[in-house]
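The structure appears below as structure tokens.
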């Protein structure tokens, strides 16, 4: 049986114990180690080379976002999930920018964390429904200033759905199945989105949309 080594980083013992209890339900998961601050998380990642890291944001010495940034800078293929009480848009945007693969709010269900773990271990980005709602809220009706001009960007209901699924890490084929449309139609929507905001790829699309201000 394939085993996955998981590193847990949170400065609260009860939170770490709760995560370990959840992980113990799956025999494929092995607790590689625990950390109580961001600095220790980076050091233990380098020493243990886990398959997945679950990071809190608010930790002493080095916070979880900076720890994630440092780990991903050194190990671009690192799989990191942020598990936090903070549902702040800026935190979420920074984590996406740094390359975090998953983001879950602590007041969501244990099943949501479990789904995120499974998706990230399967090489997919996964942001919980609450996080997706926060992300998509920024895209609905917004204004963006870019270099020499300001242009108002309005997304259609379908484009909003596509953006939501892109942020969740779904492929065009998976989007087509979920939305009950053809893959070609999905590709057309994606191409229209890129053209509308002046992006060259999906990553750039999300980064540009992160700069939007809600009207």
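Residue numbers (the numbering used here): 487 to 701.
The beta-carbon is built from N, C-alpha and C at its ideal position, and this holds for glycine as well.
- By the 16-neighbour rule on beta-carbons within 10 angstroms, residue 666 is exposed.
- When the Cα atoms are used, residue 643 and residue 664 turn out to be separated by approximately 15 Å.
- Judged by beta-carbon spacing, residue 516 lies within the 8 Å limit of residue 492, meaning their Cβ atoms are closer than that value.
- Distance check between residue 504 and each of 601, 537, 592, 572 places 592 closest, using alpha-carbon atoms only.
- Counting along the chain, residue 519 sits inside the beta strand (DSSP E) bounded by residues 515–521.
- Short of 8 Å from the beta carbon of residue 534, and not among the five residues preceding or following it, lie these beta carbons of its own chain, in chain order: 491, 493, 518, 519.
- Secondary structure at residue 685: coil, using DSSP grouped into helix, strand and coil.
- Here the C-alpha atom of residue 605 lies approximately 14 Å from the C-alpha atom of residue 564.
- For residue 668 against residue 662, the beta-carbon gap comes to about 6 Å, under 8 Å, which counts as contact.
- In the three-state reduction of the DSSP assignment, residue 588 falls in the strand class, which pools E and B.
- Assignment of residue 580 by DSSP, reduced to helix, strand and coil, places it in the helix class.
- In this structure, the CA atom of residue 499 is about 23 Å from the CA atom of residue 514.
- The shortest CA-to-CA distance from residue 611 to any of 619, 576, 572, 651 is the one to 651.
- Under DSSP, residue 495 shares a beta bridge with 521, 541.
- Taking C-beta atoms as the reference points, residue 590 and residue 599 count as a pair closer than 8 Å.
- With a cutoff of 8 Å on beta-carbon distance, residue 497 and residue 542 are scored as near each other.
- Counting the other Cβ atoms within 10 Å of the Cβ of residue 614 gives 16 or more, which makes it buried.
- Residues of the same chain with a CB within less than 6 Å of the CB of residue 696, apart from the 5 flanking positions on each side, are 579 in chain order.
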